[in-house]
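In our numbering, the protein residues as written are 3 to 136. First comes the structure, then the notes that go with it.
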Amino acid sequence: MKKNMLEIYALAVCFVAASGFVVTLAIALYNTLALARPDFAIPAWQYTLHQDNDAFWNHGCVGRNFCAPEERRGQRPPEPELTRQREEAYARVLASEGREASQNLVKCLAVFLAMAGAFALHWRLAKRVRETAN
Numbered sequence: 003m004k005k006n007m008l009e010i011y012a013l014a015v016c017f018v019a020a021s022g023f024v025v026t027l028a029i030a031l032y033n034t035l036a037l038a039r040p041d042f043a044i045p046a047w048q049y050t051l052h053q054d055n056d057a058f059w060n061h062g063c064v065g066r067n068f069c070a071p072e073e074r075r076g077q078r079p080p081e082p083e084l085t086r087q088r089e090e091a092y093a094r095v096l097a098s099e100g101r102e103a104s105q106n107l108v109k110c111l112a113v114f115l116a117m118a119g120a121f122a123l124h125w126r127l128a129k130r131v132r133e134t135a136n
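Below is the structure:
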């Protein structure tokens with residue numbers, strides 16, 4: 003491979019890695035926000051669902067993610083019990099969102115480290131090729 007082609011290849015890999023750094027940083031920042039404020043990161047429908055007992059009960063199945071309203075079991079519990087169930091469900095949603103954000107941050111770190119290695123290796127290669135060409 004010609005030296006100038008090798009340099010172009012190495013710099014192209016560096017460009018892709020640098021672009022990946024920006025994307026990974028943006029994803030990591032969002033997941034940091036989701037970890038700090040999971041109520042901000044949950045989908046709007048889940049947030050709305052857990053804001054009052056009527057929305058929570060009308061969702062269909064207390065304690066299950068999805069089901070048709072006709073599958074609802076039993077009668078509506080008393081308000082204090084329904085409030086407790088709604089608050090427990092909301093706490094589970096927030097904990098799940100926080101866990102997912104933590105996992106995504108670890109993934110971002112892994113991608114960042116892999117790209118940093120590729121960037122460093124190819125930057126040195128481009129530098130070496132440029133020095134030997136002169």
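By construction, the Cβ of each residue, glycine as well, lies at the ideal position given by its N, Cα and C atoms.
Distance from the CA of residue 112 to the CA of residue 105, rounded to the nearest whole angstrom, comes to 11 Å. By the neighbour-count criterion, in which a residue is buried when 16 or more other Cβ atoms sit within 10 angstroms of its Cβ, residue 126 is exposed. The three-state secondary structure of residue 52, taken from DSSP, is coil.
In this chain, the alpha helix (DSSP H) harbouring residue 109 covers 81 to 135.
Burial check for residue 26: the Cβ neighbour count within 10 Å reaches 16 or more, so the residue is buried. For residue 95, the closest of 118, 120, 44, 121 by C-alpha to C-alpha distance is 44.
The criterion of a C-beta distance shorter than 8 Å is satisfied by residue 9 and residue 128. Cβ contact annotation for residue 132 (same chain, cutoff 8 Å, sequence separation greater than five): 9, in chain order.
Sequence-distant partners of residue 134 (beyond 5 residues in either direction) whose C-beta falls short of 6 Å from its own C-beta are missing from its chain. Looking only at 77, 46, 42, the smallest Cα-Cα distance to residue 59 is reached by 77. In this structure, residue 97 lies away from residue 33, with their beta-carbon atoms at least 8 Å apart. Bounds of the alpha helix (DSSP H) holding residue 40 are 40 to 43.
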